[in-house]
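Only one structure is covered here, and it is reproduced in the block below.
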Amino acid sequence: MKRKRFKRQSDFIKYAVKRTLARQSDKRKEQVSLLHTAGDFLQNCAAKLRLPE
């Protein structure tokens, strides 16, 4: 794997911060979509379990 070269350390720090923030937001999006699908699944189950009145 080729390492990215930076002229100054501050450039590297900016790059690292951007990268970690991007990773965190991706993970959050994944978690949110998982929560939505789980919620939909539970609602469907509840609807199926309800007895006709």
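The numbering of the sequence shown is the UniProt record's numbering, which starts it at 1 and goes up by one. Here a beta-carbon is modelled for each residue, glycine too, at the ideal position from N, C-alpha and C.
In the DSSP assignment, R19 falls within the alpha helix (DSSP H) that extends over 9-49. Listed in chain order, the non-local C-beta contacts of A22 below 6 Å within the same chain number zero, local neighbours out to five positions each way being set aside. CA-CA distance, F12 to R28, rounds to 24 Å.
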